[in-house]
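Numbering (this note's numbering), first residue to last: 87 to 323.
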């Protein structure tokens, strides 16, 4: 199920097939009247990894905010075309990452155009908790991350990302069209394009803990082979 269709569903009607609950249990069906908590829901195939990371935290009675951060970190660690430092780069061969995190009180933090930092979701949380701001971007976001204890990673592409980037360079067609992303926003897109390259999308997780505290996060490398400097909607709060 794609993100847009998922967001159109009422939360109480979401089947537990999409919910992280105890790993290995058969999914049950949520009542259309009510559901029990804690629950954790993530998007896309990597959502299984995310849920498996966040669910044990909820089982221990800890905060939903901790669970969604752990879910995001697990997704960022997993090789993917669309999330984390192993993801596909922009047209200049640089991986730039966007992320945001929010709790049920409306407290939030975000980073965009972040390079060489392994866990942007955790940097976004630091922005929320350790700064007076909501969104930091680019070199400033990277500097903030390093000052808050995050390691500066290698800027080298993963083998898969480098292979796909070099393949893209052979054609590298770029025809600017005004507001083309807006025009495509309402059109459902496939997992793979006609040329076989995978589509992109944001990894997202929401969780409700045992004390009914809500939290959510998104993390992404954005559009593959984008123009350098492009930031999507994911970190915008």
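The C-beta atom is built at its ideal place from N, Cα and C for all residues, glycine as well.
Neighbourhood of residue i by C-beta, 7 angstroms cutoff - its chain only, sequence neighbours within 5 removed
i	result
residue 210	185, 186, 187, 195, 196 and 197
residue 321	184, 185, 186, 196, 197, 198 and 221
residue 228	200, 201, 202 and 203
residue 214	187, 193, 194 and 195
residue 132	161, 164, 166, 169 and 289
Contact under 8 angstroms by Cβ, residue i with residue j
i	j	result
residue 203	residue 233	no
residue 140	residue 288	no
residue 301	residue 150	yes
residue 255	residue 175	no
residue 305	residue 206	yes
residue 309	residue 318	yes
residue 299	residue 152	no
Contacts around residue i, its chain only, beta-carbon distance under 6 angstroms, and the 5 residues preceding and following it disregarded
i	result
residue 165	172
residue 160	135, 136 and 139
residue 231	203 and 209
residue 389	The requested residue 389 does not occur in the structure, where the chain is confined to residues 87 to 323.
Nearest-angstrom Cα separation, counted from residue j out to residue i
i	j	result
residue 307	residue 169	5 angstroms
residue 124	residue 303	16 angstroms
residue 251	residue 216	36 angstroms
residue 294	residue 241	36 angstroms
residue 352	residue 158	Because the chain spans 87 through 323 in this model, residue 352 falls outside it and cannot be assessed.
residue 147	residue 236	27 angstroms
residue 297	residue 143	13 angstroms
residue 116	residue 127	Its pLDDT being 45, under 50, residue 116 is placed unreliably by the model, and the measurement read from it follows with that caveat. Taking the straight line joining both Cα atoms gives about 13 angstroms.
residue 342	residue 313	Missing from the structure shown is residue 342; the chain here goes from 87 to 323 and no further.
residue 182	residue 122	38 angstroms
residue 258	residue 177	8 angstroms
residue 180	residue 163	18 angstroms
residue 253	residue 191	45 angstroms
residue 245	residue 311	16 angstroms
residue 226	residue 154	24 angstroms
Whole runs of the beta strand (DSSP E) within the region 187-241, excluding any shorter than 3 residues: 194-200 and 221-223
Tell me the start and end of each unbroken alpha helix (DSSP H) in the region 130-164 that is at least 4 residues and wholly inside, in chain order. 133-145 and 150-163
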